[in-house]
Amino acid sequence: MKKFLLKVSIYAAALLVAISLICVYYYRKVPRRFLLVSNSASYNLKAGFVQEHPEKLDKAGIVVVGSSMSLNNVNGRMLQDSLHLRAVNLSSWGMRIAVYEHSPIWNMHKIFLSNLGVADFGAPGVEPEDNFSFHTSKAQEMFNLGTNFSTFLGTLEVGNKVMSIRDNRDYQSCNFDETGSVVFSDSAFAIDSVRWNSDEYARWSVDSAKMKDYVRRLKEITSSHQGYERIVLSFSPVRRVFYNKKRSGMVAYLGRMIRDSCPNVAFINLYDRDYPDSIYVDNSHFNSKGANRYTRELVDSMRILGIQGNGE
Amino acid sequence: MLFNSFEFLIFLPIVFLLYWFVFNRSLKYQNLLILLASYVFYGWWSWKFLGLLAFSTLLDFFYGFGVASANKSKSKLFLWLGIINNLGFLAIFKYYNFFATEFLRAAGSAGIHLHPLLIEVALPVGISFYTFHGMSYVIDIYRGLRKPVTNFIEYAVFVCFFPLLVAGPIERANHLLPQIQVIRRFKYSQAVEGCRLILWGMFKKVVIADALAGYVDEIVGHYADHNAYTLIVGAICFSFQVYCDFSGYSDIALGTAKLFGFELLSNFKFPYFSRDIAEFWRRWHISLSSWFRDYLYIPLGGSKEGKLRAVRNVFIVFLVSGFWHGASWNFVVWGGIHACGFLPLLLFDRNRKHVSTIVAEDRRFPNIREILQMVGTFFFVTLAWVFFRIHDIGIAWDYVKRIFVGTIKHPAQYLSAPPGKLAFLYIIAALAADWYFRRDERVLRRLGWLLSVGMGVWIFFAFKRDSSFIYFQF
Chain A
1304 MKKFLLKVSI YAAALLVAIS LICVYYYRKV PRRFLLVSNS ASYNLKAGFV
1354 QEHPEKLDKA GIVVVGSSMS LNNVNGRMLQ DSLHLRAVNL SSWGMRIAVY
1404 EHSPIWNMHK IFLSNLGVAD FGAPGVEPED NFSFHTSKAQ EMFNLGTNFS
1454 TFLGTLEVGN KVMSIRDNRD YQSCNFDETG SVVFSDSAFA IDSVRWNSDE
1504 YARWSVDSAK MKDYVRRLKE ITSSHQGYER IVLSFSPVRR VFYNKKRSGM
1554 VAYLGRMIRD SCPNVAFINL YDRDYPDSIY VDNSHFNSKG ANRYTRELVD
1604 SMRILGIQGN GE
Chain B
457 MLFNSFEFLI FLPIVFLLYW FVFNRSLKYQ NLLILLASYV FYGWWSWKFL
507 GLLAFSTLLD FFYGFGVASA NKSKSKLFLW LGIINNLGFL AIFKYYNFFA
557 TEFLRAAGSA GIHLHPLLIE VALPVGISFY TFHGMSYVID IYRGLRKPVT
607 NFIEYAVFVC FFPLLVAGPI ERANHLLPQI QVIRRFKYSQ AVEGCRLILW
657 GMFKKVVIAD ALAGYVDEIV GHYADHNAYT LIVGAICFSF QVYCDFSGYS
707 DIALGTAKLF GFELLSNFKF PYFSRDIAEF WRRWHISLSS WFRDYLYIPL
757 GGSKEGKLRA VRNVFIVFLV SGFWHGASWN FVVWGGIHAC GFLPLLLFDR
807 NRKHVSTIVA EDRRFPNIRE ILQMVGTFFF VTLAWVFFRI HDIGIAWDYV
857 KRIFVGTIKH PAQYLSAPPG KLAFLYIIAA LAADWYFRRD ERVLRRLGWL
907 LSVGMGVWIF FAFKRDSSFI YFQF
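Taken in sequence, the protein lines are chains A and B.
Numbers in our numbering are just positions in the first sequence, counted from 1, shifted up by 1303.
Numbers in our numbering are just positions in the second sequence, counted from 1, shifted up by 456.
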């Protein structure tokens, strides 16, 4: 038995050393602003961004949360300058309300803005490893790295790629501006040809069950968190070819449900805006011209709601 | 608890150390610990079904005494009670919803609208395995092959020994119970062999099967978008996925049992080196196919009562075996395809041609004839796997049809390199290892330190938290 235990112990030790060496080697290759907290490069980079600039979240008057509809379609810098409120954008691709509904951020005394789109009523593309925490310890990170290495390698590859892009021309750019938003280039180079005429997107329907589920989660947030100042939801338009009356009716229905059941939540419906194709990079994401135009409209609506800072 | 989980990584060493250092004084203590550990192992998945497991064990234990009675009619009564009881559990938990839904559909098509009560509970993991343990036990007593066990703990360990509880191998009372009834002594060589088997099983599951699963899911999920070449690759990938997944599980089970001083029945003997379907079924899921042979095929008359009866019996066994895998018609079709493949061998008395030897047993490589036989068998089995993987028979049929129609229409597609080249590397690695070990699955020779550590590292980094074993659903 002693011989067996000795052999097993030596094997375990050798394994541990080999695994540790590999983990440390790869960990050192991780971009600086990159935390291993989920399966998503975008989310991990955002977590790194927040941890590197904790004051941005602390001092922010308005916090943008949500999916790429919030990350790319809202120009955080413009929002901040126009409303005279410090803004921080915590959004990342594929983030759905299910991912952040239990987040402690709702207890912060801030205004929350979430810009929605049709895709927000689908499955999340983000799976946080440790409950939506941006304050991951090194030990937790190493655990996440070691126990989900294949996901990590994929994220690392994308992360390194997007961090190396400086002018936001790449469709999947993750170079945040000072607020954490990513605004796409106006160049035709930025257009995603696959998504531009996506049949799949044309088929996507926003069914009432998904909307009810969204409202249920929102209601849960508003009833269990009293700390937040106000929640503002907006709904993004789509390219003309994808616009249809049925979806428009569904968005209006969503607005009614929110107004009826979620106090202190404002709904700004901009889905019916008829923007030219030249301000889109795909079926529903804007380029910088589009993001600016959309954010301007959003700001106007928010001012009507009385949302404006004093410039501090 | 899954074998490929962190919980098991903690659980196994704790139970091992307790077993050999604290509970090693007597047989009673050893068995008690195994029983407790097995219930913890099972309860980790769902403690609610522990009651069902205990109840099923208790009933079969008592039926054993009734079956052993000198009174023939009483013995027969308890035998049938045992069979009905075990099949009843299966019927309720595994097949009730299926039959209720099918009945509803049939009634609906006749214009009658019913609302049958459906059971809203998950299928208890391992129910197909532990009920078969119980049945074989009472049948063996009835046949006079063994006497009933008088110690309940020993019998309970036989039914729910944790390495084999959830996905087999399906053990026989005459093989496992004698091992349970004697105190186990630690054997260094057995324990080392067990560790090697666990490592190899984990490698097959975590590295090969899980990697191939990605290809299979993508190809099967969007099969209409792929050409015939890719569909063939998808089917081949699934053949190796299901093999590495299940044989990996069996290796871990066998290896874990060895750590506790037990030798379990072998479940796989290099099935993809089979030269015909009959040989394939002597090498694939051996514990199940031999169970059906001994408890269904032979009682039905086997091949001793004429060709027609033999054909009927073969079909019954394959269809029932298919249905055992799941309450869905696609499994029945899968069983039927194998029965059709077996039929010519039975009719021409060639089903026992390759009984005892593995291909090229005394040579390094097979000859051309053997290669052709193995490739032919593999492709037949692979096409049948399509019906196993895809639950909708219409879609499965369409998948197979697209392979043939696509090949005839666009033969030039095969001139290019196959899609999913990395998948083939995994498959070649699995085949090469199998070929090297093919004379005895359980003897993993010369798994050196460097290779062992390399495999361990690979397993660690390839590990996916949400991956389960295919056979857990059965």
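C-beta atoms are modelled at their ideal positions from N, C-alpha and C, and glycine is treated no differently.
The model shown is predicted, which means the values in this text are computed figures rather than measured ones.
Counting along the chain, the unbroken alpha helix (DSSP H) around B/N487 starts and ends at L483 to W501. Neighbours of B/F642 in chain A, taken as residues whose beta carbon is under 9 Å from its own, are M1304 and F1307 in chain order.
Straight-line measurement puts the Cα of B/S777 at about 45 Å from the Cα of A/Y1517.
By the rule that beta-carbons nearer than 8 Å mark a contact, B/G507 does not touch chain A.
Any Cβ of chain A closer than 8 Å to the Cβ of B/V909 would place that residue at the interface, and such an atom is present. Taking a C-beta distance under 8 Å as the contact criterion, A/G1364 and A/G1609 do not qualify as a contact pair. B/N683 and A/A1426 have their C-alpha atoms spaced approximately 29 Å apart. The beta-carbon distance between B/N542 and B/G624, rounded to whole angstroms, is 15 Å. This is too long to meet the 8 Å contact definition. Residue environment: B/R825 is assigned as exposed (fewer than 16 neighbouring CB atoms within 10 Å of its CB, all protein chains considered). Along the stretch 642 to 672 of chain B, going in chain order, the ones with a CB nearer than 8 Å to a CB of chain A are F642, Y644, A647, V648 and C651.
B/C693 and B/T838 have their C-alpha atoms roughly 9 Å apart.
Proximity of B/F916 to chain A, defined by a Cβ-Cβ separation below 8 Å, is satisfied. In the structure shown, the three-state DSSP call for B/S565 is helix.
Among the residues of the stretch 1317 to 1332 of chain A, those with a Cβ less than 8 Å away from any Cβ of chain B are A1317, L1318, A1321, I1322 and I1325, in the order of the chain.
Distances from the alpha-carbon of B/T587 to those of B/L721, B/E649, B/M911 and B/A547 put B/A547 closest.
Among the residues of chain A, those whose CB is under 7 Å from the CB of B/W476 are M1304, following chain order. Under the 8 Å criterion on CB atoms, A/Y1597 is classed as non-interfacial with respect to chain B.
B/V913 belongs to the set of residues whose beta carbon lies under 8 Å from a beta carbon in chain A.
Taking A/S1537 as reference, the option from A/R1562, A/F1545 and A/Q1354 with the minimal CA-CA separation is A/R1562.
At the C-beta level, A/Y1314 and B/S908 come within 8 Å of one another.
For B/F554, the three-state secondary structure derived from DSSP is helix. Three or more pairs of CB atoms, one per stretch, sit closer than 8 Å, so the stretch 1564 to 1573 of chain A contacts the stretch 1523 to 1542 of chain A. Per the coordinates, the alpha-carbon of A/V1366 lies some 18 Å from the alpha-carbon of A/D1423. Between the C-alpha atoms of A/L1338 and A/G1397 there is a straight-line separation of about 17 Å. B/L579 counts as buried, since at least 16 other C-beta atoms from the protein chains shown sit within 10 angstroms of its C-beta. Annotated as proximal: A/E1523 and A/E1404, with beta-carbon spacing under 8 Å. By the rule that beta-carbons nearer than 8 Å mark a contact, A/Y1314 touches chain B. Under a criterion of Cβ atoms nearer than 8 Å, the residues of chain B adjacent to A/V1311 are, in order, C651. Rounded to the nearest angstrom, the Cβ distance from B/A665 to B/G711 is 17 Å, too far for a contact under 8 Å. Between B/F843 and B/I793, the gap from beta carbon to beta carbon is short of 8 Å. Taking C-alpha positions only, B/D848 is separated from B/E558 by approximately 14 Å.
Cβ contact annotation for B/Y870 (same chain, cutoff 8 Å, sequence separation greater than five): Y685 and T863, in chain order. When rounded, the separation of the alpha-carbon atoms in B/V605 and B/P469 is 30 Å. Pairing A/N1375 with B/F545, the inter-Cα distance amounts to about 55 Å.
The beta-carbon distance between B/L715 and B/G650, rounded to whole angstroms, is 4 Å. This is short enough to meet the 8 Å contact definition.
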